[in-house]
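So in our numbering, the last one in the sequence shown is 333, and the numbering has no gaps at all.
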Amino acid sequence: MASCSIEAELRDGTAVLLRPVQPDDKHLLSVGMEHLSPQSRYFRFFRPLPEIPPNLLRQFTEIDHVNHEAIGALDVSGADPVPVGVARYIRSPEEKAAAEVAVTVVDSHQGRGLGTLLLAAIAHAAVANGIDQLEAVVLSGNTKMLQVFRELAATMTRRAAGEVQVRLPLHPNASAYPQTPVGDVFRQTFARSGGAVKSVQSPQQRLRPE
Ligand SMILES: CC(C)(COP(=O)(O)OP(=O)(O)OC[C@H]1O[C@@H](n2cnc3c(N)ncnc32)[C@H](O)[C@@H]1OP(=O)(O)O)[C@@H](O)C(=O)NCCC(=O)NCCS
Numbered sequence: 124m125a126s127c128s129i130e131a132e133l134r135d136g137t138a139v140l141l142r143p144v145q146p147d148d149k150h151l152l153s154v155g156m157e158h159l160s161p162q163s164r165y166f167r168f169f170r171p172l173p174e175i176p177p178n179l180l181r182q183f184t185e186i187d188h189v190n191h192e193a194i195g196a197l198d199v200s201g202a203d204p205v206p207v208g209v210a211r212y213i214r215s216p217e218e219k220a221a222a223e224v225a226v227t228v229v230d231s232h233q234g235r236g237l238g239t240l241l242l243a244a245i246a247h248a249a250v251a252n253g254i255d256q257l258e259a260v261v262l263s264g265n266t267k268m269l270q271v272f273r274e275l276a277a278t279m280t281r282r283a284a285g286e287v288q289v290r291l292p293l294h295p296n297a298s299a300y301p302q303t304p305v306g307d308v309f310r311q312t313f314a315r316s317g318g319a320v321k322s323v324q325s326p327q328q329r330l331r332p333e
């Protein structure tokens, strides 16, 4: 099930449009990458990556929207839309009801609530596609990302080499998320995305034949 588009305002009133990533979005992803600081790139990719190589661009944009979904954010406050963030999940091959999640926001737009909004939107898409747990490995210095997960009552386990393994249980009904500012963003975003996810199909039903 492909996600829907969401128009929203960031905490400072900036208008953004969230929509599923399409194959034509390769250029937008490359432009977004150009606006990521070296530290943000490191937090996202765990290595200094100068640009997204063509094979990764294909992998990031030519997706089935079921086992791999990505939602891009455009700043639509100016004359031309500007790519400012992306969230994606990729279903785990071993555990079909779990998926690896990653969120990226360009530095100029960080700290305004966009990362939380993108996480909520990708969580809603994940639940609709039969996923009940999002997982992420986060560097222990990435306090912003860890704070967002903490406010969602995710479990966190320290791993070797300064990494934290995060597990976030997902709920079809957003009222189950904690009563925190981040939990409130989940409730608002789930409501805008069509409310509680009523019929969650099993991962087996959702998986496409190979
Ligand atoms: C980590 C990252 C995605 C966070 O995105 P962001 O847009 O900066 O985050 P937000 O503004 O949504 O949240 C940041 C803070 O606002 C809080 N917040 C979010 N929505 C809120 C709201 N509506 N009201 C009050 N507080 C809110 C969060 O709890 C968090 O708390 P803090 O200020 O105490 O740290 C972003 O910094 C980033 O892209 N970093 C580089 C890549 C990366 O690290 N990716 C993660 C890999 S898994």
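We treat Cβ as the ideally placed atom computed from N, Cα and C, and that holds for glycine.
| query | result |
| --- | --- |
| Could you pull the start and end residues of the alpha helix (DSSP H) that Gly208 belongs to? | Per DSSP, Gly208 belongs to no alpha helix (DSSP H); it is in the beta strand (DSSP E), 205-214. |
| Is there at least one non-hydrogen atom of ligand 1 closer than 6 Å to the beta-carbon of Ser215? | no |
| Where in the stretch 147-228 do unbroken runs of the alpha helix (DSSP H), each at least 4 residues long, occur, reported from the N-terminal end onward? | 149-157, 161-168, 177-184 |
| Roughly how far, in whole angstroms, is the beta-carbon of Leu180 from the beta-carbon of Ser153, given that I think they are within contact range, below 8 Å? | 7 Å |
| Got a sec, what are the start and stop residues for the alpha helix (DSSP H) Arg310 sits in? | 304-315 |
| What separation, rounded to the nearest whole angstrom, lies between the Cα atoms of Ala283 and Asp135? | 38 Å |
| Do Glu274 and Thr227 have their C-beta atoms within less than 7 Å of each other? | no |
| To the nearest angstrom, report how far apart Leu197 and Glu130 are at their CA atoms. | 10 Å |
| If the criterion is Cβ atoms closer than 7 Å, does the pair Ile175 and His191 meet it? | no |
| Decide if Arg281 is buried, meaning its Cβ has at least 16 other Cβ atoms within 10 Å, or exposed. | exposed |
| In this structure, how does DSSP classify Leu293 when only helix, strand and coil are distinguished? | coil |
| Taking one C-beta from the stretch 204-211 and one from the stretch 254-265 each time, how about it: are there three or more such pairs within less than 8 Å? | no |
| Does at least one heavy atom of ligand 1 sit under 6 Å from the Cβ of Ser163? | yes |
| Less than 7 Å between C-beta atoms, sequence neighbours within five positions excluded: which residues of the same chain meet that for Pro146? | Thr184, Glu185 |
| I need the straight-line Cα distance from Ala276 to Ala251, nearest angstrom please. | 21 Å |
| Residue range of the alpha helix (DSSP H) that Leu241 falls in? | 237-251 |
| May I ask whether a heavy atom of ligand 1 can be found less than 6 Å away from the beta carbon of Met268? | yes |
| Using the Cα positions of His247 and Asp307, report the straight-line distance between them to the nearest angstrom. | 14 Å |
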